[in-house]
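To keep things clear, I will list the structure first and then write my remarks on it.
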Amino acid sequence: MSDEILFEVADGVALVTFNRPDAMNTFSSGMMIGLGEAYRRCDEDDDVRAVVVTGSGNAFCAGAQLRDDGDTFNTGGAMDFSSCPLDFQAWDVRKPVIAACNGHAVGVGLGIASQCDMRVFASEGKYGFVQARRGAVADFAISYTLPRLIGFERAFEMIVGGVRISGETAGQWGLASRVVAGGQVLETALALARDMALSCSPLVMGMHKTLLWQGQHQSLAQYIGQETRALHHSLASPDAAEGGMAYLERRQPRWQSRVNRDWPDFLSRANAGQSTDEN
């Protein structure tokens with residue numbers, strides 16, 4: 017993994033850190049490769065039950081790494097690259113992924129955060145998509161994710177107008193789950209992740225996440241079919257009995273399910289933004 021991405025696991029939570037603080041964690045090719053590798057590792061490791069993504073220094077990710085020769089967006093004629101270049105996306109990870117935006121998240125940075133399941137923003141940070149003001153179309157599927165988070169009109173203003181907003185506004189618009197002072201962002205996100213890792217069945221969390229992402233583009237009938245099968249699968253798991261007993265006995269549950277071992281075939285393992293089941 018690139019040294020521009022730091023990775024550690026503690027208490028069931030993986031912490032993924034962008035590590036270019038002197039450049040405000042502007043997104044490099046090494047970060048792109050490393051982040052995809054980190055996401056895949058989180059999905060495949062059952063010791064990881066939740067994920068937090070953050071930035072070192074005072075920024076989450078201030079956008080793409082710009083070149084001073086004007087060739088930042090020069091592809092050399094190559095047109096075989098994707099606007100979503102990670103080989104494994106946040107929505108592919110069958111565990112909760114929380115973006116701890118400890119400072120500015122702009123362009124690519126906010127695109128990455130918007131692919132996460134929850135976001136904690138620094139109140140003093142700035143958040144936006146400035147690509148329209150740089151002559152490039154916004155990437156990382158932001159025109160797909162952002163309207164679903166904050167509605168069409170506000171997404172239009174941010175993407176088409178290239179407008180940046182404050183952390184407080186992001187919270188009011190529903191882009192952030194929590195808005196706190198920058199120095200409290202990481203611990204707030206880690207506390208959320210630790211609680212889910214400890215208190216919730218890992219298998220059920222993974223199925224819920226996949227249902228939520230897939231349900232955004234399924235018909236109601238398709239969704240109910242998937243939800244029903246997922247419910248049956250969860251009730252056949254020992255976690256269903258354990259969760260009830262732990263509640264009655266006033267103790268923390270001892271979950272036995274494992275995402276990779278017990279994952280149902282009818283839910284696609286990866287690409288939670290797409291459905292593979294029409295029934």
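The numbering of the sequence shown is the numbering used here, which starts it at 17 and goes up by one. All C-beta atoms in this analysis are idealised placements derived from N, C-alpha and C, irrespective of residue type, glycine included. In this text, all values refer to a predicted model and were calculated from it rather than measured experimentally.
For residue i, collect the residues of the same chain with a Cβ closer than 6 angstroms to its Cβ; drop the 5 residues on either side in sequence, then sort them by chain order.
| i | result |
| --- | --- |
| Val136 | Ala116, Arg194, Val201, Thr204 and Ala205 |
| Gly259 | Pro269 |
| Arg180 | Lys142 and Gly144 |
| Gly86 | With a pLDDT of 46 at Gly86, under the threshold of 50, the predicted position of this residue should be treated as unreliable, and no value is reported. |
| Asn74 | Gly119 |
| Ser99 | Asp155 |
Taking 8 angstroms as the limit between beta carbons, can you name the residues of its chain near residue i, skipping five residues before and five after?
| i | result |
| --- | --- |
| Gly222 | Arg110, Lys111, Val275 and Trp279 |
| Ala237 | none |
| Met48 | Pro101 and Leu102 |
| Glu60 | Asn276 |
According to the neighbour-count rule (16 or more other Cβ atoms, all chains shown, within 10 Å of its Cβ), is residue i buried or exposed?
| i | result |
| --- | --- |
| Thr244 | exposed |
| Met40 | buried |
| Leu228 | exposed |
| His248 | exposed |
| Glu20 | buried |
| Ala252 | exposed |
| Ala257 | exposed |
| Arg266 | exposed |
| Arg36 | buried |
| Ser235 | exposed |
| Arg65 | buried |
| Asp16 | The first residue shown for the chain is 17 and the last is 295, placing residue 16 beyond what the model contains. |
| Asp281 | exposed |
| Ile240 | exposed |
Look at the Cβ atom of residue i, then the Cβ atom of residue j, and state whether they are nearer than 8 angstroms.
| i | j | result |
| --- | --- | --- |
| Ser18 | Gly46 | yes |
| Val69 | Val122 | no |
| Gly127 | Ala154 | yes |
| Glu184 | Ser139 | yes |
| Gln242 | Asp255 | no |
| Val176 | Ala148 | yes |
| Gly119 | Gly198 | yes |
| Ala129 | Phe76 | yes |
| Asp63 | Val25 | yes |
| Val220 | Gly178 | no |
I'd like the list of long-range same chain contacts for residue i, defined as Cβ closer than 7 angstroms, with 5 residues on each side in sequence excluded.
| i | result |
| --- | --- |
| Ala80 | Thr42, Phe43, Thr88, Gly123 and Val124 |
| Cys132 | Val69, Ala106, Val113, Ile114 and Ala115 |
| Arg170 | Trp189 |
| Gln365 | In the structure as shown, the chain begins at 17 and stops at 295. Residue 365 is therefore absent and cannot be evaluated. |
| Ala78 | Met40, Asn41, Thr42, His120, Val122 and Gly125 |
| Ser217 | Asp255, Gly259, Trp271 and Ser273 |
Which whole-angstrom value is the C-beta distance of residue i and residue j, which I expect to be below 8 angstroms?
| i | j | result |
| --- | --- | --- |
| Leu283 | Thr226 | 5 angstroms |
| Leu208 | Met134 | 7 angstroms |
| Phe34 | Gly71 | 4 angstroms |
Contact the stretch 180 to 198 vs the stretch 150 to 170: 3+ CB pairs below 8 angstroms:
yes
Cβ contact check for the stretch 98 to 106 and the stretch 52 to 62: 3 or more pairs under 8 angstroms:
yes
Taking one C-beta from the stretch 20 to 30 and one from the stretch 205 to 221 each time, how about it: are there three or more such pairs within less than 8 angstroms?
yes
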